[in-house]
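Read through the structure below, which is laid out as C-alpha cells, and then see the notes.
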Amino acid sequence: MVSDLISRPRRNLIAVVGSIGIAIAACSAAGETIDSTPTALASPEQPATGAELYAASCAECHGADLRGTDRGPSHLSIVYEPDHHSDATFLLAVRNGVRSHHWDFGPMLPIDGLSDEDVTAIVAYVRSVQSEQGFEPYP
C-alpha cells in the first residue's frame, strides 16, 4: 500500500501542508482572482488621477499627505511596503473592508463608489509618493 511507503512523520507533514493550502484557498474571496504583483502604470496620468481619488476617498482617514490621522494609519509606514501589503491588498480593503490588525484605529469599512480602475489609480499614486518619500518606521 502507498501509505506504507511513506513514513508517519512525512504523512503528517503532507497533511499539514495540505491543510494550510486549503485554509489559504478558503481565505481568498470565492471565485475571485486578484493579481498580487505591483500595479503597472498604464499611463503617466494614472498617479495624477489617483491623487484626486485619494483626496476624495482616502485622505480623511489616511491624511492628505498620506501620513495618517487620528482615524487611520500612514500609507508611508513600512507596513505598506509592497512586499508586506501588495497592491491587491488595497483593492481588497476597499472592496471588503479590513479588520484592524496593525494599529488600533478600528476596522476599515468598505469604500463604496470606487471601481477597480479607481483603486488601481489610487495605488499608483500611493506607490509614487512612497517611491519619492520613502517609508517611515513602524511605531
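Take the position in the sequence shown, starting the count at 1, then add 1153; the result is the number in this note's numbering.
Glycine included, every Cβ here is placed at the ideal spot set by N, Cα and C.
Simplified DSSP assignment, three categories, for glycine 1216: Of the three classes helix, strand and coil, the one that applies to glycine 1216 here is coil, per DSSP.
Euclidean distance between Cα positions of threonine 1202 and aspartate 1218: If I take the Cα positions, the gap works out to 16 Å.
Limits of the unbroken alpha helix (DSSP H) element including aspartate 1288: The residue you asked about is not aspartate; residue 1288 is phenylalanine in the sequence shown. Where phenylalanine 1288 is concerned, there is no enclosing alpha helix (DSSP H), given that its DSSP letter is neither H nor E.
Sequence-distant residues of its chain with Cβ nearer than 8 Å to threonine 1222 (five each side left out): Counting only Cβ-Cβ distances below 8 Å, and skipping sequence neighbours, we find Glu1213, Cys1214, His1215, Gly1216.
Extent of the continuous alpha helix (DSSP H) run through aspartate 1223: Taken as a continuous stretch (DSSP letters only), aspartate 1223 belongs to no alpha helix (DSSP H), as it is neither H nor E.
With 16 other Cβ atoms within 10 Å as the buried cut-off, status of proline 1290: With fewer than 16 other Cβ atoms within 10 Å, it is exposed.
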